[in-house]
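To start, the structure itself, in structure tokens.
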Amino acid sequence: MAEHNAPGFGNLGLVIRIGVDIGGTFTDVVVLGEDDGRLWTAKAMTTPTDPSIGVLDGLALVAERIDRPLRTLLGACSLFIHGTTVATNLLVERKGARLGLLTTEGFRDVMELREGTKPRRYDLRMPFPAPLIARRHRLEVPERVRYDGRIERPLDEAAAAARIASLREAGVEALVICLLHAHRHPAHEDRLAALATANGWRAYVSLSHRVLPREGEYDRLSTAAVNAYVGPGLARYLERLQERLDAAGGQFKVLVMQSTGGVLPLAEATAFAVGSVLSGPAGGAMAGALFARLTAAPLLVTCDMGGTSTDISVIEHGAPVERHEHEMSDVKICAPAIDIAALGAGGGSIARLDSGGLLEVGPESAGAAPGPACYGRGGTLPTVTDANLVLGYLAPGSFLGGRLRLDRAAAEHAVRTAIAAPLAIGLEDAAYAIHTLTNSRIAEGIRAATVRRGYDPRDAVLLGFGGAAGLHMVAVARDLSIPRVVVPNHASVLSALGFLASDVRHDSLAAIGQPFAALAPAALRKTIDALETEGRARLRADGFADADIVAQRLFDCRYLRQAYTVEVPIAPDRLAEDGLDWLTRDFAAAYERLYFHSHPGETAVVETVRVVTSGKLPPLDLPTHPRGAADPTPAATGTRRVWLEGWHEIPVFAFDALVHGMAFAGPALVESESTTVLVPDGARAATDAHGSLVIGTR
Amino acid sequence: MRNLSRPHPLTLAVVRHKLKSVAEEMVDTMIRTSFSPILNQSHDLSAVIHDAEGRMLAQAERVPIHMGAMPFAVKAMMRAFAGDVHEGDILIANDPYWGGNHLPDVTLAMPVFDGGQIRLWVANRAHQGDIGGMSAGGFSGNASEIFHEGIRIPPCKLAERGRVREDLLRLIVENTRKPEDMMGDLRAQLAAVHVGVDRMRALFDRYGADEIDRCSAAILDAAEAAMRAQFRRWTPGVYRGESVLDDDGRGNQRIPVRATVTIEDDHATVDLTDSADQLASFVNSPYANTAACVYVAFMYMATDDQTHNEGCFRPIRIITRTGSICDPVSPAPVVGSSVLTSTVIMEAVMKAMEKAAPRDMIAGYARRFRFAIAGKDREGRSYIWHYFANRGGAGATAETDGWPNLGVIHNPGGARSPSVERTESSFPFLIESFALRPDSGGAGTTRGGLGGVYRLRYEGAEPAVLNAAGEGVEVGPYGVAGGAIGACHDYRIESARGERRLGTKESGVAIETGDVVVCRSAGGGGFGDPDRRDPARTAADRADGYVTH
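Written as structure tokens, this is what we have:
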């Protein structure tokens, strides 16, 4: 990205890249030297009222650590990638913009009808989730387009102007425009947008055919509404952040992490705000893609285990598996995003006996406050962290580098009172049961995420990160017969590191909606070329040279009577062919891979065509260290008594002191400031060239 | 110290999760490998794990009504082949007089052996797109005998010692209108039971079959204890509830289901003896379906998070009268039981509970009104379009207003409706509007959810035929504790020839180009005195036009 390579790296003496990830509790900063691959990291407290303050705090911590002024650090930055949960929080906490809707006459309630669906089959007392747009602000305009794009009834502009005026009057901050069949004939939506802003109204406008140009009015409406709901708030935040960074000496434009694992420049990220709503776990998945490359794993499962939940994603051939339909906070979002399964099982998950007296862990979590009983902040219920402390896996004095001293007596009391005594079992048995049930739940989560997509977990590498993963990953892997576990040394800031492995990415889409037999290759070529030209133009505007732009083309196909589509990649030379026989073959093959059969002779349809254009950022390479001696003794810090179905004294190693080549057999513990890894009996661990712990599970 | 006849608490907790995830994996397998849209899109299927006695231990949370009924089917199969079940055998059945709900629901069950004896059963059920009978699609509204409704499969062995009986498979699929789809769907069910058995064997290897047996017993006991605790929280007494079907489509009106519910200490008896005699109409509910309705009604009413397995059925005793609509004898037709009569049975039981569990009540839901239009599409191909977008409102509960457009209590919110745009691009229809139906929800301290208004203009070149199989035109969703009844379904056909109202079970109604079918669906029932509704909520209802007066 030429224009980001501004001169004047001050006296830092090198060019750096910065990744910043704002989480619920901490803001993580990763700084990478471009020349030598050196890494500096810092964690600052997240500042919820204005998260940009926490970002600057974290950057200042790194500057302090390398003993340079912040201005010098920022001046040396060529690339700044930022992941934020601002958009996510606006949606989850229902604190987004006040919305208004203009829609086709007869259809103002589409959003509230919810396609007739409801989660949780047996829970009939669940409150109805209030629609993002109040009914009083959902207005109809006289117009109608048919399924084939024909205009049945022209747009009544006078009526439209009156509706717009009344929404403006009502204090609407963001306007959603969603008309039936607008993906076939977008002119009415475009005209309404022009009318809305004609009289100087500066509302954020979200058009359904721009956000999602395909069939399905509920999908377009819901996605466009989320876009408008979070757009203004996200814009305010990003603009403020950019100003703060500029003022502090930055000479770069912020790139914003998207739910796909790609990034977008600020202005585009603001216009397509819905694209960052599901971006929270994307950094972890991108780090998974990085480690899949580093460890040459064709199939890798990431398992990010934090305080309240565990996020699972699947990386196939170096790329995270995506989905195009998601549900967040009872709202449907149809935008490409990495497919991440979230389980309610983390370090803070509460263990309890249910009404039938059976042990259960999660999904309720003690969170950061009051937190596990051992935090001594008022929590009294036993959590997974408490169980791990009782078992000796965590040391009272070394948690978070000793900044938070854990209260072992409080953990024991909680486990004994809530679990051990009512079940009439020993304290250690109870704690071990909590630990093991957690392993089992995570294993079942991974099984569902892999098997459901036709992957065999036995072929996968398991990448464990997040503060709580290290104690559970080997047991989880063994449950699934996964032979190899990797725990990176930077486990606690891996998400921010993953940002630096991203590319700038634009997704564009066109509705086709035609049976294979009705498609003319020449016309298809034209459509696809137009999408690709648009994507390339945007990337050139972002500062990319043609040589650094890569385009990927895909069809979404389905059988006529089916609802779900299957992705069929289009190889570059295919479109030069005269016929589409290849499409019939490739669709059948893709369908069979997923479903183990196909339907020869059945009419198949191309629903949409998609083009993903990527502007390649410089590839991320972690520093490699030369292989040294296998003897891990220099990294040993002592021994600890732990419960492994009986008390045993086992060795403890310092993660940071383990260097390439050192190897040892379990049982052992490996500790760093932010994580602890349990290598159980029968497993073998070795440190690889990047400082990751690689554990053979049997 | 802990009692050694009980499983280790850790093993128990792990095994309970494993059983549930194995059931989910079976369902996933069926969804991924089945052929028919009703399975791979609408997910009208389920999977369960039973112990050696056929008691349901775990279920994939899918169609509630399947869940309560599966144990009957599995036990009927076990009885039919008692002493003659071998490793690798797979049993099949769909007969309502052998523990089924209705003929389209086909159940497969496979035993899990360990040490030469049966330790568990895995089973699944899928609603087939067609099962033969008088009319396509499995619902033969004009049936007067079960023989009109399709092929009856009493318990049979679909596989013997690991070999699938291809002859039997052919016999079954050739008796349906879509043999290729049915073959694909049955193979998906076969694949799923194999997945279940493989996963269960791995569990035996890890924990031992005896420990799994102890876990099974404890899992059932835990759910039973939770359900008994729930009954203890309800007020003991003898209570009566009645609900009526609109009609049977053959001239009989207001057909009653009467439930006498006796709550004593920690258990209940539900006596349905006083319900109507069986009819020569598809509304009869075979015993398994009836029992499932009673169980599901109590599972809905319960405020506890007890696991959903057969243990929670134990404190519930059900009494029916042979020859009644709740326990018919062959050859009474039954195909409408699962979607029409089910609702009425649940309503009767829940209404009886109003005095016993006033705060836990759930007001009435819109009943099912389903119709199909058969004709030729724009390219001249035959199609059958099933109407199910506009479901009607859900009933209110003590704290919450009912959901709009959720409909039918036997499977609330289960299947996603197709979009208006897809409907228009695939069928010769113009949807003129699909919107909420103001004032349709029953008033109350909490109000019923709104129904909808769906206007469908028929644009086909040739006339089409409409067949309806519905309920709730005469009987509206009930209110609770002074809450008002919800509006009834009101379906009309507007045409150049005039306007006519659509009956609940009309068949062969001719539709011509330009005719508009106007579907106003029912609203849910209200809960509590309407005058006690929070004035802010009343004002908001008016401002948003949910209520216009």
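Which chain is which? The protein sequence lines are W and P, in order. For the first sequence, this note's numbering assigns the number 1347 to the initial residue and increments by one for each residue that follows. For the second sequence, this note's numbering assigns the number 1436 to the initial residue and increments by one for each residue that follows. Built from N, CA and C at the ideal position, the CB exists for glycine as well. Everything numeric in this text was worked out from a predicted model, so none of it was measured.
By how many angstroms is the C-alpha of residue j removed from the C-alpha of residue i?
{"i": "Val-1660(W)", "j": "Thr-1648(W)", "result": "6 Å"}
{"i": "His-1943(W)", "j": "Arg-1622(P)", "result": "11 Å"}
{"i": "Arg-1955(P)", "j": "Gly-1886(P)", "result": "7 Å"}
{"i": "Ala-1975(P)", "j": "Ala-1561(P)", "result": "43 Å"}
{"i": "Ser-1568(W)", "j": "Ala-1637(P)", "result": "43 Å"}
{"i": "Ala-1458(P)", "j": "Leu-1580(W)", "result": "42 Å"}
{"i": "Phe-1372(W)", "j": "Thr-1392(W)", "result": "5 Å"}
{"i": "Ala-1487(P)", "j": "Pro-1709(W)", "result": "31 Å"}
{"i": "Met-1674(W)", "j": "Leu-1714(P)", "result": "47 Å"}
{"i": "Trp-1656(W)", "j": "Glu-1580(P)", "result": "According to the sequence displayed, residue 1656(W) carries Thr and not Trp. Rounded to whole angstroms, Thr-1656(W) to Glu-1580(P) spans 54 Å at the Cα level."}
{"i": "Phe-1507(P)", "j": "Pro-1590(P)", "result": "12 Å"}
{"i": "Asp-1493(W)", "j": "Ile-1466(P)", "result": "It is worth fixing the name first, because residue 1493(W) is Tyr in this sequence and not Asp. Spanning the two alpha carbons is a distance of roughly 30 Å."}
{"i": "Glu-1496(P)", "j": "Gly-1849(P)", "result": "10 Å"}
{"i": "Ser-1716(P)", "j": "Val-1547(P)", "result": "39 Å"}
{"i": "Asn-1719(P)", "j": "His-1821(P)", "result": "23 Å"}
{"i": "Thr-1726(W)", "j": "Ile-1765(W)", "result": "12 Å"}
{"i": "Ala-1508(W)", "j": "Glu-1515(W)", "result": "10 Å"}
{"i": "Asp-1619(W)", "j": "Val-1850(W)", "result": "Correcting the residue identity first, residue 1619(W) is Ala in this sequence and not Asp. The alpha-carbon atoms of Ala-1619(W) and Val-1850(W) are separated by roughly 15 Å."}
{"i": "Arg-1490(P)", "j": "Thr-1542(P)", "result": "15 Å"}
{"i": "Arg-1787(W)", "j": "Arg-1451(P)", "result": "11 Å"}
{"i": "Leu-1501(W)", "j": "Arg-1530(W)", "result": "15 Å"}
{"i": "Ile-1364(W)", "j": "Gly-1830(P)", "result": "54 Å"}
{"i": "Gly-1356(W)", "j": "Leu-1416(W)", "result": "The predicted model places Gly-1356(W) with a pLDDT of 46, which falls under 50 and marks its position as unreliable; any figure quoted below should be read in that light. Each residue's alpha carbon lies about 11 Å from the other."}
{"i": "Thr-2043(W)", "j": "Gly-1631(P)", "result": "26 Å"}
{"i": "Ala-1756(W)", "j": "Thr-1654(W)", "result": "20 Å"}
{"i": "Lys-1464(W)", "j": "Val-1667(W)", "result": "26 Å"}
{"i": "Pro-2013(W)", "j": "Thr-1985(W)", "result": "11 Å"}
I'd like to check one pair, residue j with residue i: are the Cβ atoms closer than 7 Å?
{"i": "Ala-2031(W)", "j": "Phe-2001(W)", "result": "no"}
{"i": "Gly-1652(W)", "j": "Gly-1595(W)", "result": "no"}
{"i": "Ser-1552(W)", "j": "Val-1576(W)", "result": "no"}
{"i": "Gly-1523(P)", "j": "Gly-1597(P)", "result": "yes"}
{"i": "Val-1761(W)", "j": "Val-1730(W)", "result": "no"}
{"i": "Pro-1475(W)", "j": "Asp-1676(W)", "result": "yes"}
{"i": "Ala-1732(P)", "j": "Met-1662(P)", "result": "no"}
{"i": "Glu-1909(P)", "j": "Asp-1683(P)", "result": "no"}
With which residues is residue i paired in a DSSP beta bridge?
{"i": "Ala-2011(W)", "result": "Arg-2030(W)"}
{"i": "Gln-1494(P)", "result": "Val-1483(P)"}
{"i": "Leu-2127(W)", "result": "Outside the displayed range of chain W (1347 to 2044) lies residue 2127(W), so it cannot be described from this structure."}
{"i": "Asp-1657(W)", "result": "Asp-1650(W), Ala-1688(W)"}
{"i": "Ile-1523(W)", "result": "Leu-1448(W), Leu-1553(W)"}
{"i": "Asp-1762(P)", "result": "Ser-1759(P)"}
Please tell me whether, using a cut-off of 6 Å, the distance from the CB of residue i to the nearest non-hydrogen atom of the ligand SAM is below it.
{"i": "Ala-2031(W)", "result": "Only the bare structure without any ligand can be found here, which leaves the ligand SAM out of the picture."}
Counting pairs of Cβ atoms below 8 Å between the stretch 1831-1849 of chain P and the stretch 1781-1800 of chain P, do you hit three or more? Output reads yes: the stretch 1781-1800 of chain P touches the stretch 1831-1849 of chain P.
Which residues, in chain order, does the stretch 1710-1743 of chain W contribute to contact with chain P at a C-beta distance below 8 Å? So nothing in the stretch comes that close.
Proximal residues, the stretch 1463-1493 of chain W versus chain P, C-beta separation under 8 Å: Answer in chain order: Thr-1463, Lys-1464, Pro-1465, Arg-1467, Tyr-1468, Leu-1470, Arg-1471, Met-1472, Pro-1473, Phe-1474, Ala-1480, Arg-1481, Arg-1482, Arg-1492, Tyr-1493.
By the 9 Å beta-carbon criterion, what residues does the stretch 1859-1884 of chain P contribute toward chain W? Result list: Glu-1859, Ser-1860, Ser-1861, Leu-1865, Ile-1866, Glu-1867, Ser-1868, Phe-1869, Ala-1870, Leu-1871, Gly-1884.
The stretch 1425-1433 of chain W contacting the stretch 1585-1605 of chain W, beta-carbon criterion three pairs below 8 Å: Touching, per the Cβ criterion.
Anything in the stretch 1829-1854 of chain P with a Cβ closer than 9 Å to a Cβ of chain W? List those residues in chain order, please. Listed by position, the residues of the stretch 1829-1854 of chain P near chain W (Cβ gap below 9 Å) are Ala-1829, Gly-1830, Thr-1832, Ala-1833, Glu-1834, Thr-1835, Asp-1836, Gly-1837, Trp-1838, Pro-1839, Asn-1840, Leu-1841, Gly-1842, Ile-1844, Asn-1846, Pro-1847, Gly-1848, Gly-1849, Ala-1850, Arg-1851, Ser-1852, Pro-1853, Ser-1854.
Does the stretch 1721-1738 of chain P come within contact of the stretch 1523-1541 of chain P, defined as at least 3 CB pairs closer than 8 Å? Touching, yes.
Quick one: any contact between the stretch 1651-1661 of chain P and the stretch 1763-1772 of chain P, if contact means 3 or more CB pairs under 8 Å? Counting Cβ pairs under 8 Å, fewer than three are found: no touch.
Can you pull out the residues from the stretch 1782-1801 of chain P whose beta carbon lies closer than 7 Å to at least one beta carbon of chain W? If the cut-off is 7 Å between Cβ atoms, the stretch 1782-1801 of chain P has Ile-1797 near chain W.
According to a CB-to-CB cut-off of less than 7 Å, which residues of the stretch 1718-1736 of chain P neighbour chain W? So the close ones are Met-1734, Tyr-1735.
Closer than 8 Å is the cut-off here; do at least three beta carbon pairs connect the stretch 1439-1455 of chain P with the stretch 1701-1720 of chain W? Because the criterion of three Cβ pairs below 8 Å is met, the stretch 1439-1455 of chain P and the stretch 1701-1720 of chain W touch.
Closer than 8 Å, Cβ to any Cβ of chain W: which residues of the stretch 1445-1475 of chain P, in chain order? Only Leu-1445, Leu-1447, Ala-1448, Val-1449, Arg-1451, His-1452, Lys-1453, Ser-1456, Glu-1459, Glu-1460, Asp-1463, Arg-1467, Thr-1468, Phe-1470, Pro-1472, Asn-1475 from the stretch 1445-1475 of chain P bring a Cβ to less than 8 Å from some Cβ of chain W.
Interface residues of the stretch 1556-1582 of chain W facing chain P [CB-CB below 8 Å]: Per Cβ criterion, the list reads Glu-1561, Gly-1562, Glu-1563, Tyr-1564, Asp-1565.
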